[in-house]
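In the numbering used here, the protein residues as written are 21 to 751.
Where a beta carbon is used, it is the ideal one built from N, C-alpha and C, also for glycine.
Values in this document were obtained by computation on a predicted structure and should not be read as measured data.
Following: one structure in structure tokens, then a few remarks.
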């Protein structure tokens, strides 16, 4: 950058040199002017040389010498200036070489920029082609998606038709199963009522057994008391033996004759007492043996009673099971005249099971086909999503490339601005050269070529900017179109996903219903097999059908006679045990001999049956209360079943909030507050009370109550209306 300053200094030196030359010329002309002036002022005369002439000549020589000296100085200055000019020319050459080098580098940069621009054009062209391909692929994908959507719509319509058919079949199966369940419920209710009666009888027998056990416990207690009495008797016998020993000693002792005589007076009474005690002791020993025998008999009777109770329980269970099997067998063997689809025999049930299995296989095949179609549609949807993601990725790559191109264009613009400024500075320098020195023709032509190249670059940059602007506009349109297509794809994908989700839910519900039907079918098959096995087992065990076989029982058969005899024996033993217990109690209370012991025992025994009668009355009262409670429970259960049956048949649940009022709630109502309230008048008429739900049914009330005066028609109309509303909401 020092070259412009040096060139300016050279030009200034040349200007100074020219001015000096012009100034020296004027100074050289002045002496001649003076001489001419002198000549004019004092014309020369041809005189002989004088001192003045010599002086003038000397002065003239001096002036010439001065002029020569000045000329030499000017020449030296010229040589110096020429040397400076050569150095300036050398510096100009260096500057020109550097300028040409800079121009070469600029040209190289221009070529590189041209290559970059060509590369950018190629990339832009590729991006445009890629965008066209993406558009074509997107259009093709959209067409495929439309075709898939149409196919999916047709398949969905087919699936919906098949689903409706399956739902109709399932509804039929549900109705049949519901009818069978209702029949089973009624049969179970009857069997439960019979079972409750059997249980009531079993409770009564258990109560009687408990009373017998209580009596046995009392007998056991009395036997224990008898054992205690026997121990006391043994003590009394020991005392008697001591007295006998004393009597023997007193008989031997002669010194106490007086006392012996006194004792002898008492001996007859003592002997009588001893005899009486011996007799009573023998009697008690016999009673003890009888008590042991009774105890053994009581133990054996308890064991037999327990065994009989177990057999009775087992017999009751077997009778209940037998009745249940008999009813089922009758139901199997009975002819069905109602026209329903209930199985009439095991063969029909097996055929029905086979039909259900076949329908299940068909449903499973249909389910597999639907699942395969669903998987294919999901695969196509996945491919469409992958294509959409791929297009989005390419679109993002194009966006990144566009951003890079924009940044590169910005850099090129900045660089072009710098090059333009540099060119203008070079142009100013060249203009300075042209104004001061003559520029060679090749350099000017070279500069003109460079200017033309720069102008071509400028036009090319403008064209590229125009193309870039068009590309940006096209890119914006493509982005908007892609965004619209993306939104459309997302909306259709969401719709398709919702429809697929709904179909999957329906398929899942159908699968659950199929599984439930399989379980019910399996349960029915197991029950059928169990019934067949039980019937076969009964036949092998020699069981008989009570409807076809009659069993005759003799009035005086050995079992009933043995039972009556045993009851009499037990009653006799109880009376004897009570008599002995009363005797022992009287002996304990008196503490010695008691007069008229037998009469007192009989009197005490006569007073005992009153307490026994009270206990029997209490037991009978408890049995009656238990039976009453069972009857109340049975009535409650029957009324509940009746209400459930009315609810299933008529569609209304009937409650009694208070006396004389009836609240009816429909089974199809969506809120527990939707109910109707009726009141029964004193004369038996039914009046409808106002509720929140009845206010909503004014039109039906006017039509059916005020005009027709028909409450059943009003209830039927409300039921149909609620049923239609629920069906529409489910659809």
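Under the criterion of beta carbons closer than 8 angstroms, residue 317 and residue 250 do not qualify as touching, at roughly 19 angstroms.
With a threshold of 16 other beta carbon atoms within 10 Å, residue 130 meets it and is buried.
The criterion of a C-beta distance shorter than 8 angstroms is satisfied by residue 216 and residue 650. Sixteen is the threshold: since fewer than 16 other Cβ atoms of the shown chains lie within 10 Å of the Cβ of residue 580, the residue is exposed.
Across the structure, residue 418 and residue 109 are spaced so that their CA atoms are roughly 56 angstroms apart. Taking a contact as a CB-CB distance under 8 angstroms, the pair residue 742 and residue 689 counts as one, their CB atoms being some 6 angstroms apart. Each of 736, 609, 544 was checked against the Cα of residue 669, and the nearest Cα belongs to 736.
Look at residue 729 here: in three-state DSSP terms it is coil, with no helix or strand label. A contact is defined here as three or more CB-CB pairs under 8 angstroms, and the segment 699 to 717 fails this definition with respect to the segment 635 to 654. With 16 or more neighbouring CB atoms inside 10 Å of its own CB, residue 151 falls in the buried class. Below 8 angstroms, too few C-beta pairs join the segment 133 to 145 and the segment 397 to 414 to call them touching: fewer than three. Take residue 676, set aside five residues on each side of it, and the residues of its chain with a beta-carbon closer than 7 angstroms to its own are 682, in chain order. The three-state reading of DSSP puts residue 122 in helix, counting H, G and I together. Assignment of residue 537 by DSSP, reduced to helix, strand and coil, places it in the helix class.
Judged by beta-carbon spacing, residue 242 lies beyond the 8 angstroms limit of residue 582, meaning their Cβ atoms are not closer than that value. The alpha carbon of residue 184 has as its nearest neighbour, out of 530, 745, 423, the alpha carbon of 530.
By the Cβ neighbour-count rule, residue 716 is exposed, with fewer than 16 other Cβ atoms within 10 Å of its own. If the five residues before and after residue 707 are omitted, its C-beta is found closer than 8 angstroms to the C-beta atoms of 698, 699, 700, 701, all from its own chain and listed in chain order. For residue 686, the enclosing beta strand (DSSP E) has its first and last residue at 681 to 686. Annotated three-state conformation of residue 676 is coil, per DSSP.
With 16 or more other CB atoms across the displayed protein chains lying within 10 angstroms of its CB, residue 671 is buried.
Of the candidates 336, 539, 380, 336 places its Cα closest to the Cα of residue 220. Distance from the CA atom of residue 312 to the CA atom of residue 304, rounded to whole angstroms, is 12 angstroms. When the beta-carbon positions are compared, residue 314 and residue 597 come within less than 8 angstroms of each other.
Sorting 609, 655, 739 by C-alpha distance to the C-alpha of residue 667 places 739 at the top.
Taken through DSSP and simplified to helix, strand or coil, residue 707 comes out as strand. Here residue 700 carries a strand assignment [DSSP, helix/strand/coil]. Rounded to the nearest angstrom, the Cβ distance from residue 348 to residue 551 is 6 angstroms, consistent with a contact under 8 angstroms. Annotation for residue 297: 256, 260 place their beta carbon closer than 7 angstroms to its own, counting only its chain and skipping 5 residues before and after. In this chain, the alpha helix (DSSP H) harbouring residue 714 covers 712 to 715. Contact between residue 253 and residue 301 holds: their C-beta atoms lie close to 6 angstroms from each other, under 8 angstroms.
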